[in-house]
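A.B. asks: Numbering (this note's numbering), first residue to last: 44 to 360.
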């Protein structure tokens, strides 16, 4: 009998290595953007698309309603802004021909379903009892509306119309007769002595005093509006101020203590922006080599807070 040959452990064929994970178009696009040091906010302003669409493009989340043509065009525009070759990304994206084939199959399946429904018309002719009852009720209501007298012949419509017509006349009469007690001002009675009513009977000194007392003006109330406005001006001027001056194109985002966006935008070369807000403030500066920052009028060094081309720092008290 022939024995089956045995293989030693050393003679076993090696197992194939694990296949590397496939790189997607979104990953290549994100790597190219990070390498160029461009923030999504800058691309959003230049391309006039939302940041959410750019994030979905980098995450390989494509909107089926817009189709592959929109996705490929947006990818090519992003690559043009990053000054990189779009061919590797476009090769990994779905093509328009695949979308047309899928749409053709969907239309074909819909037509087949319609043909199945048309081939069995007998089931559509069967009406349910509820439909028959609804049709009968509608027929009865139609006949009733035809044979009933019109609204002009109803006996209670005439008195109701006259009552509504008389209401505006009564209201206008009440408004046209104002209350006499409101129009005539009432003054409290004052006791006038004979000497006060006859200035000629008073001595000269008392006459001068009486005239001065009568002509004394009443004090005017002091308005507190200037105090309020000056207080608001002092509070605004007391807020800390950050001044950004750009020598090259850069993007800046300033957030408050509750992570709310205070200001976000792009500065071109030669432009400057002043931001006043309560502390703390979280600041992100893209392309930090092209911008200088001043805090409370003093220069602020961005080099300790810069990684690659993006600077992030927090301003506290």
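All C-beta atoms, glycine included, are put in the ideal place defined by N, C-alpha and C.
(1) Residue 95 to residue 107, Cα distance in whole Å?
(2) Pair every Cβ in the region 81-94 with every Cβ in the region 128-138, then say whether three or more of these pairs are closer than 8 Å.
(3) What do you reckon, are the CB atoms on residue 357 and residue 325 nearer than 8 Å?
(4) Among 293, 343, 80, which one has its Cα closest to the Cα of residue 311?
(5) Quick check on residue 295: buried or exposed, where buried means 16 or more other Cβ atoms within 10 Å of its Cβ?
(6) Residue range of the beta strand (DSSP E) that residue 329 falls in?
(7) What did DSSP end up calling residue 284 once you bin it into helix, strand or coil?
(8) Near residue 313, what residues of its chain come up, given a Cβ to Cβ distance below 8 Å and the 5 sequence neighbours on each side ignored?
(9) Within the continuous beta strand (DSSP E) that includes residue 293, where are the two ends?
(10) Measuring alpha carbon to alpha carbon, tell me which of 340, 67, 171, 184 ends up nearest residue 317.
(11) If residue 331 and residue 353 are in contact, beta carbons under 8 Å, what's the gap, nearest whole angstrom?
(12) Taking DSSP as the reference, what is the three-state secondary structure of residue 69?
(13) Quick one, are the C-beta atoms of residue 123 and residue 101 less than 8 Å apart?
(14) Which same chain residues end up closer than 7 Å to residue 138 when comparing Cβ atoms and leaving out the 5 residues on each side of it in sequence?
(15) Hey, how far is the Cα of residue 79 from the Cα of residue 117?
(16) Name the one or two DSSP bridge partners that residue 105 has.
(17) Considering only C-alpha positions, which residue in the set 97, 202, 115, 77 is nearest to residue 329?
(18) Looking at the structure shown, is residue 76 part of a helix, part of a strand, or coil, going by DSSP?
(19) In this structure, how does DSSP classify residue 243 when only helix, strand and coil are distinguished?
(20) At the level of alpha carbons, what is the spacing between residue 68 and residue 178?
(21) With distances taken Cα to Cα, identify the nearest neighbour of residue 350 among 338, 327, 343.
(22) For residue 334, write down the residues that DSSP places opposite it in a beta bridge.
(23) Looking only at its own chain, which residues have a Cβ that is under 6 Å from the Cβ of residue 75, when we skip the five neighbours before and after it?
(24) Determine the DSSP secondary structure at residue 310, reduced to helix, strand or coil.
(25) Just the C-alpha distance for residue 97 and residue 319, rounded to the nearest angstrom, thanks.
(26) For residue 268, which three-state DSSP category applies?
(27) Taking the C-alpha atoms as reference points, what is the distance between residue 90 and residue 121?
C.D. replies: With the given structure in hand:
(1) Counting from 1 along the chain shown, the entry for residue 95 is found at position 52. Counting from 1 along the chain shown, the entry for residue 107 is found at position 64. Looking at the backbone, the Cα of residue 95 and that of residue 107 are separated by about 16 Å.
(2) No, because fewer than three Cβ pairs between the region 81-94 and the region 128-138 fall closer than 8 Å, the two stretches do not touch.
(3) In the chain shown, the residue the question calls residue 357 occupies position 314. In the chain shown, the residue the question calls residue 325 occupies position 282. Yes; because the gap between Cβ atoms is below 8 Å, this pair is in contact.
(4) In the chain shown, residue 311 corresponds to position 268, counting from 1. Comparing Cα-Cα distances from residue 311 to each of 293, 343, 80, the minimum goes to 293.
(5) In the chain shown, the residue the question calls residue 295 occupies position 252. Around the C-beta of residue 295, 16 or more other C-beta atoms lie within 10 Å, and the residue is accordingly described as buried.
(6) If you number the chain shown from 1, residue 329 lands on position 286. Its beta strand (DSSP E) spans residues 324-329.
(7) In the chain shown, residue 284 corresponds to position 241, counting from 1. If DSSP states are grouped into helix, strand and coil, residue 284 belongs with the strands.
(8) Counting from 1 along the chain shown, the entry for residue 313 is found at position 270. 289, 290, listed in sequence order.
(9) For this step, residue 293 is matched to residue 250 along the chain shown. Element bounds for residue 293: 293-298.
(10) By 1-based counting over the chain shown, the position of residue 317 is 274. If we check each option's Cα against that of residue 317, 340 comes out closest.
(11) Along the chain shown, read from residue 1 onward, the residue named residue 331 stands at position 288. Along the chain shown, read from residue 1 onward, the residue named residue 353 stands at position 310. At roughly 7 Å, the Cβ-Cβ gap stays under 8 Å, so residue 331 and residue 353 are in contact.
(12) Locating residue 69 in the chain shown gives position 26, counting from the first residue. Assignment of residue 69 by DSSP, reduced to helix, strand and coil, places it in the helix class.
(13) Position 80 of the chain shown, counted from the start, is the residue given in the question as residue 123. Position 58 of the chain shown, counted from the start, is the residue given in the question as residue 101. Cβ atoms of residue 123 and residue 101: not closer than 8 Å.
(14) Here residue 138 refers to the residue found at position 95 of the chain shown. The answer, listed in chain order, is 111.
(15) Counting from 1 along the chain shown, the entry for residue 79 is found at position 36. Counting from 1 along the chain shown, the entry for residue 117 is found at position 74. Rounded to whole angstroms, residue 79 to residue 117 spans 18 Å at the Cα level.
(16) Walking along the chain shown from the start, residue 105 turns up at place 62. None; residue 105 has no bridge partner.
(17) Here the question's residue 329 lines up with position 286 in the chain shown. For residue 329, the nearest C-alpha among the options comes from 77.
(18) In the chain shown, the residue the question calls residue 76 occupies position 33. Shown here, residue 76 sits in a helix according to DSSP, grouped into three states.
(19) Walking along the chain shown from the start, residue 243 turns up at place 200. Model confidence at residue 243 stands at a pLDDT of 46, short of 50, so the residue's coordinates are unreliable and nothing is read from them.
(20) Looking up residue 68 in the chain shown gives position 25. Looking up residue 178 in the chain shown gives position 135. Answer to the nearest angstrom: the Cα atoms are 60 Å apart.
(21) For the purposes of this step, residue 350 is taken as residue 307 along the chain shown, with counting starting at 1. Shortest Cα-Cα distance from residue 350 to any of 338, 327, 343 involves 327.
(22) One-based indexing of the chain shown puts residue 334 at position 291. For residue 334, which the question treats as bridged, DSSP gives the partners 289.
(23) Walking along the chain shown from the start, residue 75 turns up at place 32. Same-chain partners within the cutoff: 125, 127.
(24) Within the chain shown, numbered from 1, the residue matching residue 310 stands at position 267. Looking at residue 310 - three-state DSSP - the assignment turns out to be strand.
(25) For the purposes of this step, residue 97 is taken as the residue at position 54 of the chain shown. For the purposes of this step, residue 319 is taken as the residue at position 276 of the chain shown. About 30 Å.
(26) Within the chain shown, the letter at position 225 stands for residue 268. In this prediction, residue 268 scores a pLDDT of 45, lower than 50, which makes its location untrustworthy; no coordinate-derived value is stated.
(27) In the chain shown, residue 90 corresponds to position 47, counting from 1. In the chain shown, residue 121 corresponds to position 78, counting from 1. Their Cα atoms are separated by approximately 8 Å.
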